Ligand code: A2P
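Residue numbers (my numbering): -13 to 263.
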């Protein structure tokens, strides 16, 4: 698998394995172990997914050397602020059974409609990530679900985010925040690259997939890569995990990329100003 390079020179495998909604326990352990065996060397985890310990067990059972794995964690909303973030990070290390992370993200921005001091709260959380980065406990730091108003105040920080993880898929291009991130060499990671699976029922997408001799899921993953996004694909099924990696031997034509950009009916993503689940 190819890699992207983050602004600080750290390499990151261009497809990640997502663990959101993967049921905790044996399903998650097996899925992570299988994914690693199939060649996913980049695992995207988060405390709020409620399955970090199972992710850690899956990694351990796979037998992969820690340095061959790129491991991401995220600090959840209830742990915002300097001290809480540091403690949440330590808990995540313990649950994932490792002594460092490759990437740590602020999972969700504090927003103006929620807190009067939303900007200060984001800065404090960011300072904790910066200190973790400077201490060497994490190799890169970033944010998730940040739009322009959330990201801009961090752009004059001592260390600026290296990654922004957003919902990105055909029909959802988030042009404004994507262009801001590109200006600042902030890598865009795409969660729900298959539109939460819903895109797979799109007639237009199915027809295009047939034309390329690929599956709709493979078209979605390739669309992300051709945009320079890093798709976090997720499946608990071994065959689909394998198929989602087979995207190297074809190219989506420019005009089809534009058609996928504006696919109708899939732009209804998360609103970062609303707290999810
Ligand atoms: P499953 O785990 O049973 O494969 P998204 O990444 O956009 O959130 O979509 C994830 C959903 O898509 C999951 O429900 C997953 O279910 C399903 N999925 C993942 N890969 C494929 C695929 N290649 N074909 C069909 N469904 C898929």
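Beta carbons: idealized from backbone N, C-alpha and C, even for Gly.
Treat the numbers as computed from the prediction; the structure is a model and nothing was measured.
Residue 3 is bridged by DSSP to 29 and 219.
When rounded, the separation of the alpha-carbon atoms in residue 42 and residue 142 is 35 Å. With respect to the 8 Å criterion, residue -6 and residue 126 are classified as neighbours on the basis of their beta carbons.
232 is the residue among 154, 232 and 135 whose C-alpha sits nearest the C-alpha of residue 199. Inter-residue distance for residue 169 and residue 189 is about 35 Å (C-alpha atoms, whole angstroms). The beta carbon of residue 2 is closer than 6 Å to those of 28, 30 and 218 in its chain, skipping five residues each way along the sequence.
At least one heavy atom of ligand 1 is found less than 7 Å from the C-beta of residue 203. Taking the Cα positions, residue 235 is about 13 Å away from residue 207.
With contacts defined as CB atoms closer than 8 Å, residue 57 and residue 88 qualify as a contacting pair. Counting the other CB atoms within 10 Å of its CB gives residue 223 a total below 16, which places it among the exposed residues. Across the structure, residue 177 and residue 248 are spaced so that their CA atoms are roughly 18 Å apart. Here residue 250 carries a coil assignment [DSSP, helix/strand/coil].
The C-beta distance from residue 246 to residue 0 rounds to 18 Å, too long to meet the 8 Å contact threshold. Taken atom to atom, the span from the alpha-carbon of residue 145 to that of residue 40 is near 32 Å.
For residue 138, the three-state secondary structure derived from DSSP is helix. Across the structure, residue 47 and residue 98 are spaced so that their CA atoms are roughly 43 Å apart. Per DSSP, reduced to three states, the secondary structure at residue 77 is helical. Looking at the backbone, the Cα of residue 209 and that of residue 173 are separated by about 16 Å. Residue environment: residue 171 is assigned as exposed (fewer than 16 neighbouring CB atoms within 10 Å of its CB, all protein chains considered).
Measuring C-alpha to C-alpha distances from residue 147 to each of 38, 134 and 7 identifies 134 as the nearest. In this structure the segment 58 to 69 touches the segment 98 to 112; the number of beta carbon pairs closer than 8 Å is three or more. Unbroken alpha helix (DSSP H) stretches of 4 residues or longer found wholly inside the segment 110 to 197: 134 to 137 and 161 to 169, given in chain order. Between the beta-carbon of residue 70 and that of residue 107 there is about 11 Å, and that puts the pair past the 8 Å contact cut. Using a cutoff of 7 Å, the CB of residue 226 counts as near ligand 1, since one of the ligand's heavy atoms is closer than that. Around residue 11, the same chain offers 40 as residues with beta carbons nearer than 7 Å, after the five sequence neighbours per side are excluded.
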